[in-house]
Amino acid sequence: MRLIVITLLVIVATVSGGVVAADGAAIETSSDMNSVQDANAVSETQSLQETTGARETTTSRDLSGSSWDLALGNGALVADTANQTAGNNSSSSEPAAERTLSSDQVVPGGEVTVTVEAEAQGDTFTVSENFNPTVDDASIESITVNGDPPIPIASAADSTGATVALDGLNLGDNIVIEYRIGVSTDAEVGTNYSITGDVTNDGEASLGTDKIDVTKYAVERNLSSNQVAPGGELTVTTQTEARDSTLTISEVVTPAVNETEIESVTVGEDSVTPATETANATAVTVTVDDLNSSDSVRVEYTLNISTDADVGTNYSITGTVADSNIETSTKRTEFTIKDASPLDGAAGEYDEDNDGDVTASELGSAVADFGQGDVSASELGEVVTAFGQS
Ligand SMILES: [Ca+2]
């Protein structure tokens with residue numbers, strides 16, 4: 001079993017095809033090492049991120065506590081099995097690599113985390129990304145192969161781009177590279193940054209282009225779950241920072257739900273009475289006045305799903321944030337109607353995809369909520385028992 005405990009940040013190391021371990025070695029701290037995710041955990045986090053939109057990549061690091069040791073164990077087994085079954089058959093229609101962004105919007109002075117994930121198709125993998133126009137700064141945040149940090153041949157990022165080269169890979173290895181882009185506080189609202197990249201992964205391929213818009217408002221929307229049973233309820237939290245004395249947060253849900261209800265409107269830590277508010281089956285709109293710039297404004301509302309909702313239906317939430325001068329569109333967030341979990345009690349509650357099994361990541365949510373005091377030890381026990389039986 002390969003267990004690499006030291007990551008070397010290798011600055012140029014290719015000499016006539018060979019690999020030279022360069023100097024400039026840096027030993028990462030143990031907390032950095034804990035942030036390593038297994039293949040399953042990363043892809044689960046990412047698919048969640050794709051569907052819930054506002055959830056940022058950094059969430060995956062917050063989940064690296066004790067509960068994720070379980071996931072790491074499972075991941076190692078899965079990865080080993082994949083390697084064994086992959087054999088020597090190199091024919092594959094797998095995409096060369098996939099790039100995902102924590103957000104396609106950024107405020108001046110903000111940052112975006114970019115994740116490139118691939119299955120190794122040969123013994124080397126390279127990715128080369130270019131930023132246009134140049135960004136303020138960029139840095140490689142993490143590189144993992146099957147959840148372990150490899151010793152890269154090259155790993156570099158600056159205002160112009162990011163490059164990583166790996167070798168010694170086995171067919172099917174799960175490669176995850178995460179880098180951060182920082183945008184200048186002087187960046188003008190309306191500027192578009194584009195990221196264009198190429199990968200070599202047993203052949204060259206384009207990673208395509210992704211665009212990041214500089215917007216006045218960065219809006220974060222979180223759903224209590226991205227799946228809900230007919231007759232169930234979802235809680236949505238949408239928040240941003242004020243840039244003006246007034247702010248209107250408008251949310252639109254499609255198709256219509258049974259009803260929406262505004263649970264709370266807060267500015268900083270304080271609950272406030274909005275200047276205006278409406279909530280109906282398709283929309284929630286809240287206007288707050290008397291704001292100071294950078295006040296954090298947060299609206300929490302529930303969506304009550306009809307008992308007649310069809311299983312499989314996809315819902316989306318879009319919206320805008322506006323002041324007296326400018327309106328920023330918010331990212332689309334989706335959720336799906338699923339059959340209720342066959343599990344009872346707390347286990348059913350944490351069986352997010354209602355498939356009757358509690359996965360390590362679903363157990364991780366329960367452990368996190370226990371840490372927050374939202375779940376009792378006996379409820380956590382029910383979830384652990386269901387995890388053991390899954
Ligand atoms: Ca489940």
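For the sequence shown, UniProt numbering begins at 1 and goes up steadily by one. Cβ atoms here follow ideal geometry from the backbone N, Cα and C, with glycine treated the same way.
Item                                                                                                                                                                              : Value
With DSSP as the reference, label THR307 as helix, strand or coil.                                                                                                                : coil
Can you check which of these residues, GLU334, ILE153, GLY348, GLY388, is closest to ALA360 by C-alpha distance?                                                                  : GLY388
Would you check if the distance between the CB atom of ASP344 and the CB atom of ASP351 is smaller than 8 angstroms?                                                              : no
Buried or exposed: where does ALA377 fall if 16 or more other Cβ atoms within 10 Å of its Cβ makes it buried?                                                                     : exposed
For ASP289, which of VAL297, ALA275, ALA281, ALA279 has the nearest alpha-carbon?                                                                                                 : ALA275
What's the C-alpha gap between ILE305 and GLU277?                                                                                                                                 : 21 angstroms
Say whether the region 206 to 216 touches the region 305 to 315, bearing in mind that this needs 3 or more beta-carbon pairs closer than 8 angstroms, one atom from each stretch. : no
With a threshold of 8 angstroms, are at least 3 pairs of Cβ atoms found where one atom belongs to the region 153 to 160 and the other to the region 189 to 207?                   : no
For a minimum of 3 consecutive residues, which ranges assigned as the beta strand (DSSP E) are wholly contained in the region 240 to 292?                                         : 247 to 254, 259 to 267, 276 to 279, 283 to 288
Does the Cβ of ASP355 lie closer than 7 angstroms to at least one heavy atom of ligand 1?                                                                                         : yes
Look up SER390 in the DSSP assignment and say whether it is helix, strand or coil.                                                                                                : coil
Given the structure, does VAL383 come close to ligand 1, in the sense that its CB is under 7 angstroms from one of the ligand's heavy atoms?                                      : no
Between VAL183 and VAL116, is the Cβ-Cβ spacing less than 8 angstroms?                                                                                                            : no
Taking 7 angstroms as the cut-off, does the CB of GLU349 come closer than this to any heavy atom belonging to ligand 1?                                                           : no
Cα separation between ASN74 and ALA322?                                                                                                                                           : Reliability fails at ASN74, whose pLDDT of 34 lies under 50, so the model's placement of it is uncertain and no value is given.
If you check the beta carbons only, do THR336 and ASN226 fall under 8 angstroms apart?                                                                                            : yes
Is it buried or exposed for THR144, if we count other Cβ within 10 angstroms and need 16 for buried?                                                                              : buried
So, ILE175 versus VAL114, is the Cβ gap smaller than 8 angstroms?                                                                                                                 : no
Consult DSSP for GLU111 and reduce its assignment to one of helix, strand or coil.                                                                                                : strand
Taking TYR179 as part of the beta strand (DSSP E), name the residues at either end of that continuous run.                                                                        : 174 to 182
Just to confirm my understanding: we take SER341, look at its own chain, exclude 5 residues before and 5 after, and list those with CB closer than 7 angstroms. What are they?    : GLY348, ASP351, ASN354, GLY356
Straight-line CA distance for ALA96 to SER139?                                                                                                                                    : 23 angstroms
Report yes if the C-beta of VAL311 is less than 7 angstroms from at least one heavy atom of ligand 1; otherwise report no.                                                        : no
From the DSSP secondary-structure annotation, give me the bridge partner or partners of ASN314.                                                                                   : THR336
When you compare each of THR285, GLU220, SER264, GLY122 to GLU251 by their alpha carbons, which one comes out closest?                                                            : THR285
Please tell me whether, using a cut-off of 7 angstroms, the distance from the CB of VAL358 to the nearest non-hydrogen atom of ligand 1 is below it.                              : yes
Figure out for me which residue from PRO255, THR185, THR191, ILE177 has the closest Cα to the Cα of VAL199.                                                                       : ILE177
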